[in-house]
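Top to bottom, those sequences are chains E and D. When the letters of the first sequence are read in order and numbered with numbering that gives the first Met the number 0, they come out as residues 0 to 175. When the letters of the second sequence are read in order and numbered with numbering that gives the first Met the number 0, they come out as residues 0 to 437. Below: one structure, written as structure tokens.
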Amino acid sequence: MASVAPTFYTNQVQVTDEVANFSPEVVEEMYLHLTKYPPDRKRSALIPLLFVIQRERGYVDNEGVNFLARFLDLEVTDIWETVTFYSMFNLRPVGKHHIQICKTLSCRIIGEPKITEHICNRLGIHVGETTDDEKFTVSLVECLGSCGTAPMMQIGFDYHEDLTTEKVDKLLDSLS
Amino acid sequence: MEIKAIGCEPLQLKRVHLENSHTLKVYQENDGYKWLKKAMEMSPDAIIGEVKASVLRGRGGAGFPTGMKWSFVPKDSPKQKYIVCNADESEPGTFKDRYLMERDPHALIEGMLIAAFALNSQTCYIYTRGEYKYLIDIMDEAVEEARAANLVGKNILGSDFSCEVYTHTGAGAYICGEETALLSSLEGYRGHPRMKPPFPAVEGLYASPTVVNNVETLTAVPQIIEMGGISWRDLGTEKSGGTKLWSVSGHVKKPGVYELPMGYADMERFILEDCGGMLRDDKKLKGVIPGGSSVYIMRANDVIGKKVLMDYEGLVAAGSLVGSGGFIVIDETVDIVDSTKNLTEFYKHESCGWCTPCREGTDWLVKIFNRIAEGNGRPEDAQLILDLCDNIEGKSFCALGDAAAWAIQGAIKRFPEDFKPYLNGQKTTSTEPEARKF
């Protein structure tokens with residue numbers, strides 16, 4: 000759950016008036032989310048829609064937020080207010096495969112430090128960084144609810160559990 | 000990983016090992032949705048009466064009696080009423096809801112529908128943490144299956160009861176497991192907790208009467224309708240009814256999800272026999288955190304030979320809490336200063352920043368723990384940490400602050416020997432990999 004972008008708080012956000020474009024299929028998907036909530040409570044769809052923006056644009060960017068502001072009749076600041084609270088929203092681009100290693104107690108006492116060290120050494124980056132080929136980003140996150148199968152990590156949305164360094168190697172080899 | 004019942008017939012875990020247990024077909028072959036039918040023939044008050052009689056207590060961590068929570072919903076309110084399932088399972092050490100939703104999603108839907116019928120609600124939301132995206136997909140599929148069978152939607156089973164079930168996603172915030180913060184999040188805002196009263200039962204989602212229940216609480220409801228409240232209660236003890244799932248992790252041979260009757264005796268047998276004993280035979284038990292990271296840690300000698308009963312009263316008597324049932328077993332290789340530092344970082348990261356005691360307090364705790372871990376501890380730090388905890392506990396806006404304080408107070412009071420060398424500046428934690436510093 001750790002944010003990938005601590006720099007967000009120190010760097011100025013690039014503000015633009017540009018509005019993102021989405022394919023009709025994606026817009027339709029967004030309308031489907033709206034149907035779950037009362038018509039006067041469109042803001043409820045904000046978090047699910049931000050995940051759509053992140054999936055389509057790689058991270059939650061200005062243009063995507065501008066689109067959502069129009070789509071939900073909200074101010075741009077309303078949306079940033081929500082975005083910056085939740086750690087799953089990336090505020091800058093991440094690698095193609097976002098490796099999120101669980102660092103909380105059950106994982107830590109059963110081998111997380113070794114797994115983290117191994118992955119960082121293998122990829123030649125530190126936690127919070129992205130490889131030069133923009134393929135991998137490594138983050139440490141808080142408990143992902145996989146304590147019985149610790150140590151574990153999530154790549155994108157996929158859970159990988161009962162990790163060993165050999166298993167990690169195999170997994171990273173298989174990712175293109 | 001083990002998923003099984005010990006000391007009772009599996010109830011919550013009845014179907015989890017069946018092939019395709021997540022499908023409507025298998026669920027219905029095993030009496031699924033029969034109890035919704037039965038409930039719809041009962042009066043709403045009778046359903047609430049059964050849940051009250053069952054002494055079912057909220058399984059998310061707070062342990063509030065579910066029947067009582069339901070009875071707070073004003074019947075005469077003209078407003079729409081909402082049932083919200085709290086599937087934001089993020090308490091460190093807890094992973095039971097995940098397997099219930101993965102393998103038995105229809106039990107959750109049935110439980111929600113019974114609750115909706117009893118409380119005259121037409122809309123249910125399942126708020127699932129964002130990381131569990133695969134579970135949201137499973138739930139969506141299950142809801143569609145149920146809708147096709149006229150179990151969700153308009154005129155359920157030909158009656159005049161209509162109810163929609165929707166999934167909703169969180170986005171990585173532990174605080175959203177707190178029910179009022181969850182509702183803020185569900186409305187599209189930052190996950191800040193709200194002032195109570197008014198309680199959600201009166202003014203919750205969209206300022207309407209709302210009941211927020213944990214997954215395991217709701218999946219117990221069909222069982223209560225099936226067995227009757229009293230018989231369900233009698234599976235456990237008088238004050239802690241029924242069975243409970245415990246998520247076991249850490250240094251045991253067989254971690255997993257275990258269903259135990261409330262009042263199971265005793266904790267020592269549970270760890271050393273049922274869970275296969277210590278992970279490494281030559282390493283002794285050092286401590287147990289029995290209810291998710293937010294409760295007091297127990298020393299091995301408070302467990303071994305003490306016949307600790309595993310229910311709400313038994314754990315309070317033993318100096319801890321049931322919490323969410325996230326059972327973290329710790330062996331003698333673990334440095335309690337390091338493990339407590341880890342949890343302090345967790346609470347600092349997850350503090351929502353709304354109130355000063357929690358936001359500033361957890362930040363200072365991390366700073367002090369970092370200084371101690373670097374070998375700059377001072378003897379007066381123990382009291383400093385306890386004073387800080389005292390300024391958080393009971394003074395923060397919601398229970399997150401209390402949770403942070405309890406986790407730390409427990410460790411520092413019960414494992415002084417681990418803290419001592421640090422407080423004299425004689426020790427540094429050496430297990431930090433270089434990568435962690437960034």
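Note that the Cβ used here is the ideal one computed from N, Cα and C, for glycine as well. No experiment lies behind these values; they were computed from the predicted model shown.
Boundaries of the alpha helix (DSSP H) in which residue i is found, first to last residue
i, result
"G322 of chain D", "Counting along the chain, G322 of chain D falls outside any alpha helix (DSSP H), and DSSP gives it neither H nor E."
"C142 of chain E", "From DSSP, C142 of chain E is part of no alpha helix (DSSP H); its letter is neither H nor E."
"W405 of chain D", "A398 to R413"
"L31 of chain E", "P23 to L33"
"G110 of chain D", "P104 to A117"
"Y133 of chain D", "K132 to A147"
"I384 of chain D", "D380 to I391"
"V167 of chain E", "T164 to S173"
"I46 of chain D", "P43 to A52"
Three-state secondary structure assigned by DSSP to residue i
i, result
"E373 of chain D", "coil"
"P112 of chain E", "helix"
"V59 of chain E", "coil"
"K80 of chain D", "coil"
"W353 of chain D", "coil"
"V307 of chain D", "coil"
"G255 of chain D", "strand"
"H16 of chain D", "coil"
"P38 of chain E", "helix"
"Y188 of chain D", "coil"
"M152 of chain E", "strand"
"T242 of chain D", "strand"
"D77 of chain E", "helix"
"G455 of chain D", "This structure cannot speak to residue 455 of chain D, because chain D is shown only from 0 to 437."
"H159 of chain E", "strand"
"A200 of chain D", "coil"
Contact under 9 Å by Cβ, residue i with residue j
i, j, result
"V220 of chain D", "L99 of chain D", "no"
"K340 of chain D", "A200 of chain D", "no"
"K283 of chain D", "D330 of chain D", "yes"
"G176 of chain D", "S89 of chain D", "yes"
"K285 of chain D", "V333 of chain D", "yes"
"Y81 of chain D", "S183 of chain D", "no"
"Y173 of chain D", "C142 of chain E", "yes"
"E109 of chain D", "L35 of chain D", "yes"
"P43 of chain D", "A145 of chain D", "no"
"I108 of chain E", "L162 of chain E", "no"
"M261 of chain D", "G240 of chain D", "yes"
Buried or exposed (CB count within 10 angstroms, at least 16 for buried), residue i
i, result
"L10 of chain D", "buried"
"L190 of chain E", "Residue coverage of chain E in this structure runs from 0 to 175, which leaves residue 190 of chain E outside it and unanswerable."
"Q382 of chain D", "exposed"
"A147 of chain D", "exposed"
"I46 of chain D", "buried"
"H125 of chain E", "exposed"
"I229 of chain D", "exposed"
"D72 of chain E", "exposed"
"E111 of chain E", "buried"
"V14 of chain E", "exposed"
Closest by C-alpha distance to residue i, when choosing among the options
i, options, result
"L134 of chain D", "D:D103, D:L118 and D:F160", "D:D103"
"A372 of chain D", "D:H191, D:G424, D:T122 and D:I296", "D:G424"
"V315 of chain D", "D:G169, D:T93 and D:G290", "D:G290"
"Y346 of chain D", "D:L244, D:R189, D:I407 and D:L259", "D:I407"
"D172 of chain E", "E:T15, E:E74 and E:F135", "E:F135"
"R58 of chain D", "D:N149, D:V214 and D:I2", "D:V214"
"C351 of chain D", "D:I367, D:G171, D:G228 and D:L342", "D:G171"
"H167 of chain D", "D:Y126, D:H191, D:M111 and D:P192", "D:Y126"
"K51 of chain D", "D:E237, D:F198, D:A180 and D:V256", "D:E237"
"M309 of chain D", "D:N154, D:R298 and D:M266", "D:M266"
"R268 of chain D", "D:L387, D:H348, D:A141 and D:A299", "D:A299"
"E55 of chain E", "E:E24, E:C101, E:L71 and E:D77", "E:E24"
"V365 of chain D", "D:G393, D:C388 and D:L259", "D:C388"
"G155 of chain E", "E:F66, E:V14, E:H97 and E:S86", "E:H97"
"Y124 of chain D", "D:V142, D:G376 and D:V336", "D:V142"
"L399 of chain D", "D:Y188, D:G203 and D:G322", "D:G322"
"C119 of chain E", "E:D77, E:T81, E:T164 and E:K41", "E:T164"
"C162 of chain D", "D:R128, D:T122, D:L185 and D:R193", "D:T122"
Host beta strand (DSSP E) of residue i (start-end)
i, result
"N213 of chain D", "T209 to N213"
"D30 of chain D", "Run containing D30 of chain D: none; DSSP gives neither H nor E here."
"C438 of chain D", "Residue 438 of chain D is absent from the model: chain D starts at 0 and stops at 437."
"V287 of chain D", "L284 to I288"
"D233 of chain D", "That residue, D233 of chain D, is in no beta strand (DSSP E); it is neither H nor E in DSSP."
"K3 of chain D", "E1 to A4"
"Q99 of chain E", "H96 to C101"
"V164 of chain D", "E163 to T168"
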